[in-house]
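Undergrad: Sharing a structure, written as structure tokens. Questions coming.
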Amino acid sequence: MPRMLDVSEDVRAEIGDAEADRLLVGDNAPGSYDCTSCRTPGDSEQERTSTVLFVGDETAVLAFAHATCIPSQVVQVAEEQLQGAVRSITGDNGSGTDAGRPQALPTEQAVLGITSGLVLIDDELHPALVVEPTGAIARPGTDGSRGDEFLQLLLEQGFHPVHRMDQVPPVLHGWSILLAMGHLHAVLQPGTDGGAPVAWWQAHAPLQVTEGWRSAANKSRTVLVFAAPAGSIGQQPREDLLRDALDKAAAEGLLVAAAMPLAGT
């Protein structure tokens with residue numbers, strides 16, 4: 589039975605016309621699937637479905653998503669992330685980290701938590717994201733004996749140290765915030781060797797932002813991204829408490845930041 593699949597021109601160019609046509613007529617395409625964006629079940633026989641091709645250096649994986657979540661597209665990802673995704677699909681845990689997770693200190697793997705909020709700087713409200721890992725982050729390829737290197741890694745990427753919350757941080761060129769239909773999907777960083785952007789952080793399920801945050805982001809087309817080590821900010825239920833935590837982290841030299849252009853609406 590033909591599937592209700594969307595295959596973009598970019599995806600078709602990567603997989604070839606023959607494979608794309610087989611998908612569209614129902615061959616090599618699943619009926620039911622778990623959406624690669626929101627992680628909930630989908631059915632390509634009953635609802636519009638996007639084909640999403642994840643491409644690494646040596647590996648490519650074709651996945652499916654609700655067309656209402658994300659369009660059909662090619663997504664460049666780091667090879668180790670893609671291999672991690674393949675291991676999670678096949679059940680081979682093996683060695684290495686899970687897809688989408690930074691390497692962490694031994695015993696537990698850290699994930700990046702993100703909180704959205706409006707931050708007042710120089711009498712103007714700015715849309716902001718606050719990034720805080722759930723644990724210490726080690727430099728890739730090391731055993732973690734040098735301690736938490738999260739901030740140092742970000743400084744090497746172009747983030748700036750924040751000592752007082754009184755200035756908008758400089759723009760970090762090549763990075764961007766992916767927003768679609770009022771939901772936060774990813775923080776994108778430059779690809780290697782000038783390639784397509786890759787996800788530095790990607791939501792397991794699209795995160796809804798407030799109308800005020802979305803309006804401010806659409807107006808300025810820029811989002812401020814603050815980052816602090818694990819345990820510096822915590823889960824704050826209100827924006828005033830979030831600001832207090834940011835002020836404290838800045839005063840203690842535990843905060844870095846960058847401004848990033850907004851992609852999407």
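Just so it is clear: in the sequence shown, position 22 is 610 by the numbering used here, and no numbers are missing.
C-beta: ideal position from N, C-alpha, C; glycine also.
1) Could you check the C-alpha separation between I677 and L708 for me, to the nearest Å?
2) DSSP on E744, reduced to helix/strand/coil?
3) Any beta carbon from chain B within less than 8 Å of H773's own beta carbon?
4) Grouping DSSP H, G and I as helix and E and B as strand, with all else coil, what is I821?
5) Just how far apart, CA to CA, sit A838 and L830?
6) Can you check DSSP and say which residues form a bridge with F814?
7) What residue range does the alpha helix (DSSP H) around V599 cover?
8) DSSP on S632, reduced to helix/strand/coil?
9) Residue range of the alpha helix (DSSP H) that L708 falls in?
10) Among V786, E607, P757, whose alpha-carbon lies nearest the alpha-carbon of A846?
11) Any contact of the region 806-817 with the region 776-794, i.e. 3+ C-beta pairs under 8 Å?
12) Look up W788 in the DSSP assignment and say whether it is helix, strand or coil.
13) Pick out whichever of D754, D631, L717 has its Cα sitting closest to the Cα of D711.
14) Please state whether DSSP places S660 in a helix, a strand or coil.
15) Here's a check: name, in chain order, each residue in its chain whose Cβ is nearer than 7 Å to the Cβ of Q796, leaving out the five neighbours to either side.
16) Expressed to the nearest angstrom, what Euclidean distance is found between the alpha-carbon atoms of E799 and L706?
17) Distance check for L767 and V640, CA to CA, integer angstroms please.
18) Could you compute how far the alpha carbon of H773 sits from the alpha carbon of V699?
19) Over what stretch of residues does the beta strand (DSSP E) that includes L834 continue unbroken?
20) Nearest to S803 by alpha carbon, out of G630, A716, L650?
21) Work out the CA separation of L612 and G604 for me, nearest whole Å.
22) Expressed to the nearest angstrom, what Euclidean distance is found between the alpha-carbon atoms of F747 and R727?
23) Excluding five sequence neighbours on each side, which residues of the same chain lie with their C-beta closer than 7 Å to the C-beta of E827?
24) Are the Cβ atoms of Y621 and F642 separated by less than 8 Å?
TA: On the basis of the data shown:
1) Per-residue confidence for I677 stands at a pLDDT of 41, beneath the threshold of 50, marking its modelled position as unreliable; no derived number is given.
2) helix
3) As a matter of chain content, chain B is missing from the structure shown, which is built from one protein chain.
4) coil
5) 12 Å
6) V718, A845
7) 597-603
8) coil
9) Premise fails: L708 lies in the beta strand (DSSP E), 700-709, not in any alpha helix (DSSP H).
10) P757
11) no
12) strand
13) D754
14) coil
15) G770, H771
16) 11 Å
17) 17 Å
18) 16 Å
19) Where L834 is concerned, there is no enclosing beta strand (DSSP E), although the alpha helix (DSSP H) it sits in stretches over 827-839.
20) A716
21) 13 Å
22) 16 Å
23) G705, L706
24) no
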